[in-house]
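Undergrad: Under the numbering used here, the residues of the sequence shown are numbered 4 to 40, in order.
Every residue, glycine too, gets a C-beta built ideally from N, C-alpha and C.
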Amino acid sequence: MFTPVSTRAASAYKTVAAETGVQGADPHQLVNLLFDA
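(1) If you draw a straight line from the alpha carbon of N35 to that of K17, how long is it in whole angstroms?
(2) According to DSSP, is F38 helix, strand or coil?
(3) Tell me the DSSP secondary structure of P7 in three-state form.
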């Protein structure tokens with residue numbers, strides 16, 4: 004029913020990492036970010 008705190012924290016960390024990675028990424032890194040999402 005509810006997700007564990009650790010799962011939510013990991014998900015939030017992944018989201019922040021993806022959002023901050025886009026800003027300085029070159030085209031190849033952007034493709035990698037899309038596949039990691």
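TA: To lay it out plainly:
(1) 14 Å
(2) helix
(3) coil
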